[in-house]
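Order-wise, the sequence lines are chains C and L.
Residue numbers for the first sequence follow our numbering, so the first one is 1 and each next one is one higher.
Residue numbers for the second sequence follow our numbering, so the first one is 1 and each next one is one higher.
C-beta: ideal position from N, C-alpha, C; glycine also.
One structure is given here, and the rest of the page talks about it.
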Amino acid sequence: LPAAVLLKDTKLMDVKLGQLGSWLAMRDFTPGGILGAIRRGHERYYNKYINVKKGGLGGLSMVLAGYVILSYMWSYSHIKHDRRRKYH
Amino acid sequence: RALCPLVPSAPAALRALPPPVAVGVLHTTRPLHTTQQSLAPVPPLPEKGGEVRHGLIPEEFFQFLYPKTGVTGPYMLGTGLLLYLLSKEIYVVNHETAAAACILTVLVYAIKKFGPNVADFADKLNEEKMASALAMKNDTIQTLQTAIEEEKKEQWRAEGRSYLFDARRNNIAMLLEANYRERLLMVYNEVKKRLDYQVALQNLKRQKEQDHMIQWVEKSVVQSITPQQQKESIAKCILDLKALSKSAHAAV
């Protein structure tokens, strides 16, 4: 019988689809918790792609690509008006 | 039991404990510093970062889809997604698309052409930094090694102190001896001078007495010869001389 792991401590990739709702509800949404999550994420990305001896282009380009996509999403309501067809 | 606390009202359990050691013992109940944990040396950085395919998508995504869809899975997903975005015009083709296309072309060409050069240059800079840090570390280690050897030599030298002190002691003893003998000689000379003086004094006195006595005797003898005796002695001498000359004549 494998040792029972609390749902709180499982990683996102190990959570079953049905438990996703409850897992999400258990997360820490206080400002301190959100800040901690941002810091953890940044450290993971930084230590994986940038803080290495021979870093490549991917580390920087992924950040820029993410920025491009995010800014496109935020300005979609404005770009909508350049569509060629009205009905899709 | 003889060192139990002086307060008689202390509980018996407290008195039954072994007496505390006042000095040299750290009063802790848990062991300290049992692990090897330390902040140095810092573990080295990983050699290469995470793999990224086409500069945009991490390799983990491809590995994630590989068991289910094989090698072409992610590409099919990408193509399908692109067509969906274009057909539903979630991605709108406008002037920005043309600008993006030109920029991306130039960017990709530049990276493909100059990428390795820039990477080599950055590596060289890193190498230089590492080499200088390493050289500093080696120099420090060398200096400390030399210092250790010097210290050992000094310790060895300190062992020869006894010889030094023996030599110094010998020197001092010789000086004292020489000084003693010099003074002895001086004393001897002084005493000899005084004794010589006394001897010379006595000799002089005796000589003077002798001379004086001889003179006095001569003077008194001369004085005692009266004129009468002088005439008689002279006449006798003449008679003797004549007699002698006669006998000498006869002998010749």
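I'd like to know whether the C-beta of Glu-150 of chain L is nearer than 9 angstroms to at least one C-beta of chain C.
Residue numbering aside, residue 150 of chain L sits at position 150 when the second sequence is read from its first letter. Not an interface residue.
Would you say the segment 46–64 of chain C touches the segment 44–53 of chain L, given that touching needs at least three Cβ pairs under 8 angstroms?
Because the criterion of three Cβ pairs below 8 angstroms is met, the segment 46–64 of chain C and the segment 44–53 of chain L touch.
Specify, as a first and last residue, the run of the alpha helix (DSSP H) that Met-73 of chain C falls within.
As a working note, residue 73 of chain C is residue 73 in the first sequence. Unbroken alpha helix (DSSP H) run through Met-73 of chain C: 58–74.
Just how far apart, CA to CA, sit Thr-10 of chain C and Gly-33 of chain C?
Translated into the one-based positions of the first sequence, residue 10 of chain C becomes position 10. Translated into the one-based positions of the first sequence, residue 33 of chain C becomes position 33. So the alpha carbons of these two residues sit roughly 17 angstroms apart.
Can you give the Cα-Cα distance for Lys-236 of chain L and Leu-195 of chain L, rounded to whole angstroms?
The residue labelled residue 236 of chain L in the question sits at position 236 within the second sequence. The residue labelled residue 195 of chain L in the question sits at position 195 within the second sequence. The straight-line gap from Cα to Cα measures roughly 55 angstroms.
Quick one: is Gly-58 of chain C buried, meaning 16 or more other Cβ sit within 10 Å of its Cβ, or exposed?
Your numbering for residue 58 of chain C matches position 58 in the first sequence. Buried.
When the Cα atoms are used, what is the spatial distance from Val-118 of chain L to Ile-103 of chain L?
Here residue 118 of chain L is taken as the residue at index 118 of the second sequence, counted from 1. Here residue 103 of chain L is taken as the residue at index 103 of the second sequence, counted from 1. Linking Val-118 of chain L to Ile-103 of chain L through their CA atoms gives a straight-line distance of about 20 angstroms.
Against chain L, does Arg-40 of chain C count as a neighbour if the rule is that its beta carbon must be under 9 angstroms from one of theirs?
What you label residue 40 of chain C is simply residue 40 of the first sequence in a count that begins at 1. The C-beta of Arg-40 of chain C comes no closer than 9 angstroms to any C-beta of chain L.
Distance cutoff 9 angstroms, beta carbons only. Does Asn-117 of chain L sit that close to anything in chain C?
Position 117 of the second sequence holds residue 117 of chain L. No, because no Cβ of chain C sits closer than 9 angstroms to the Cβ of Asn-117 of chain L.
8 angstroms contact criterion, which Pro-58 of chain L and Leu-65 of chain L should meet: CB distance rounded:
Working through the second sequence from its first residue, we reach residue 58 of chain L at position 58. Working through the second sequence from its first residue, we reach residue 65 of chain L at position 65. Not quite, the Cβ-Cβ distance comes to about 12 angstroms (not below 8 angstroms), so this is no contact.
Can you list the residues of chain C that Ile-257 of chain L reaches, using a CB-CB cut of under 8 angstroms?
With chain L covering 1 to 252 only, the question about residue 257 of chain L has no answer from this structure.
Limits of the unbroken alpha helix (DSSP H) element including Gln-19 of chain C
Your numbering for residue 19 of chain C matches position 19 in the first sequence. Where Gln-19 of chain C is concerned, there is no enclosing alpha helix (DSSP H), given that its DSSP letter is neither H nor E.
Select from the segment 39–53 of chain L all residues with a C-beta closer than 9 angstroms to any C-beta belonging to chain C, and list them in chain order.
Pro-44, Leu-45, Pro-46, Glu-47, Lys-48, Gly-49, Gly-50, Glu-51, Val-52, Arg-53
Hey, out of C:Leu-7, C:Pro-31, C:Tyr-76, whose CA is closest to Gly-21 of chain C's CA?
Working through the first sequence from its first residue, we reach residue 21 of chain C at position 21. Taking each of C:Leu-7, C:Pro-31, C:Tyr-76 in turn and checking the Cα distance to Gly-21 of chain C, the smallest one comes out for C:Leu-7.
Round the Cβ separation of Ile-69 of chain C and Val-92 of chain L to the nearest angstrom and send it over; I've been treating them as touching at under 8 angstroms.
Counted from its first residue, the first sequence places residue 69 of chain C at position 69. Counted from its first residue, the second sequence places residue 92 of chain L at position 92. Not really, about 14 angstroms apart at Cβ, beyond 8 angstroms.
Name the residues in the segment 118–148 of chain L whose C-beta lies less than 8 angstroms from a C-beta of chain C; which are they?
Ala-119, Asp-123, Asn-126
Under 9 angstroms, do Ile-111 of chain L and Tyr-76 of chain C count as touching if we go by C-beta distance?
In the second sequence, counting from the first residue as 1, residue 111 of chain L sits at position 111. In the first sequence, counting from the first residue as 1, residue 76 of chain C sits at position 76. Contact flag unset, no.
Where Leu-56 of chain L meets chain C, residues with beta-carbon distance less than 7 angstroms:
As a first step, residue 56 of chain L must be located in the second sequence, where it is residue number 56. Correct list: Ser-61, Met-62, Ala-65.
Taking only runs of the beta strand (DSSP E) that begin and end inside the segment 83–154 of chain L, which ones reach a length of at least 3 residues, in chain order?
Correct list: empty.
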